[in-house]
Amino acid sequence: MGALDGQHVLVTGGSSGIGKACADRYRAEGAVVHVADLNPRSSDELQLDVSDSAAWAALVASLPPLDVVHLNAGITTPGRSPVGSRGAPLSDVTDDAYRAIVGANLDGVFFGARAVLPGMVERGHGHVLVTASMAGLGGMAGDIAYTTTKHAVVGFVRSLGATLLQAGNTGVCVSALCPGFVDTPLVPANAQSFIKEMGLPVIEPARVGDAAMQAIAAHSNGSQWIVWGDIIREHDASPIELT
Numbered sequence: 199m200g201a202l203d204g205q206h207v208l209v210t211g212g213s214s215g216i217g218k219a220c221a222d223r224y225r226a227e228g229a230v231v232h233v234a235d236l237n238p239r240s241s242d243e244l245q246l247d248v249s250d251s252a253a254w255a256a257l258v259a260s261l262p263p264l265d266v267v268h269l270n271a272g273i274t275t276p277g278r279s280p281v282g283s284r285g286a287p288l289s290d291v292t293d294d295a296y297r298a299i300v301g302a303n304l305d306g307v308f309f310g311a312r313a314v315l316p317g318m319v320e321r322g323h324g325h326v327l328v329t330a331s332m333a334g335l336g337g338m339a340g341d342i343a344y345t346t347t348k349h350a351v352v353g354f355v356r357s358l359g360a361t362l363l364q365a366g367n368t369g370v371c372v373s374a375l376c377p378g379f380v381d382t383p384l385v386p387a388n389a390q391s392f393i394k395e396m397g398l399p400v401i402e403p404a405r406v407g408d409a410a411m412q413a414i415a416a417h418s419n420g421s422q423w424i425v426w427g428d429i430i431r432e433h434d435a436s437p438i439e440l441t
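When you line the sequence shown up against our numbering, it's residues 199 to 441, in that order.
What follows is the structure in structure tokens.
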């Protein structure tokens, strides 16, 4: 038996890259996987614009009760890699590009969690897993808009996790994956060359699938899981003492 035997798992942005690798891993663990993507690649995948709250409501209503929801869909600024752009100025980022990246990376997480959490809380069981980034844990030169959204996503996970803990024994958890540079189309070949020249690891997508399973098993509210080379560990982000 697998760790997710018979559980229903939704993965957004699951047609390629990290999302596909995680969906494959969930299937290997016995889950019934529902893949949603803006551009589905097969007839058994669902079409979803994650930035559309009404589309989220319709999708969740059409699916069986969900045990795990992996909010993975995300984009970088068009024509920009998260690294290696040598401090491109903000003036290069158009309004449309900014709105698109916020829609995919931040609105998609907020709307997705908002759509699925009531059912999870009612059933007393569930895990919302968000693909953030190491870019959300530090100030990374390069794609400023992307880094901004990933910081916002990490803050969302921390705040929602604290809220769920404060609510008591809901049985529901939210956590984030914070991988480094993953071998996906979001990190083009020229950026990968730059990364390797710097002596930094390029991670296989399947390794993020390993981290996803570790995060789901830990069920640690508000946690962020660093994936860097061979390292998978929970990030030590101690809360700020306000008293």
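By construction, the Cβ of each residue, glycine as well, lies at the ideal position given by its N, Cα and C atoms. If you're wondering where the values come from, they're calculated on a predicted model, not measured in any experiment.
- Contact between the stretch 286-298 and the stretch 221-231 is absent: fewer than three C-beta pairs spanning the two stretches fall below 8 Å.
- DSSP, read as helix, strand or coil, puts residue 432 in strand.
- Three or more beta-carbon pairs drawn from the stretch 362-375 and the stretch 321-334 are found closer than 8 Å, and the two stretches are therefore classed as touching.
- Per the C-alpha coordinates, the member of 349, 298, 256, 236 positioned closest to residue 328 is 349.
- Contact annotation: residue 272 and residue 313 have beta-carbon atoms that are not nearer than 9 Å.
- Looking only at 293, 336, 274, 353, the smallest Cα-Cα distance to residue 308 is reached by 353.
- Taking a contact as a CB-CB distance under 8 Å, the pair residue 238 and residue 214 does not count as one, their CB atoms being some 11 Å apart.
- For residue 404 and residue 361, the gap between their C-alpha atoms comes out near 31 Å.
- When secondary structure is reduced to three states using DSSP, residue 289 falls in the helix class.
- Using a Cβ distance threshold of 9 Å, residue 211 and residue 236 count as a contacting pair.
- When DSSP states are grouped into helix, strand and coil, residue 248 belongs to the coil group.
- Per the DSSP secondary-structure output, residue 232 pairs in a beta bridge with 208.
- About 11 Å separates the beta carbons of residue 310 and residue 209, which is beyond the 8 Å limit, so they are not a contact pair.
- For residue 260, the secondary structure class from DSSP, reduced to helix, strand or coil, is helix.
- According to DSSP, residue pairing for residue 373 in a beta bridge involves 327, 421.
- Distance from the CA of residue 430 to the CA of residue 233, rounded to the nearest whole angstrom, comes to 25 Å.
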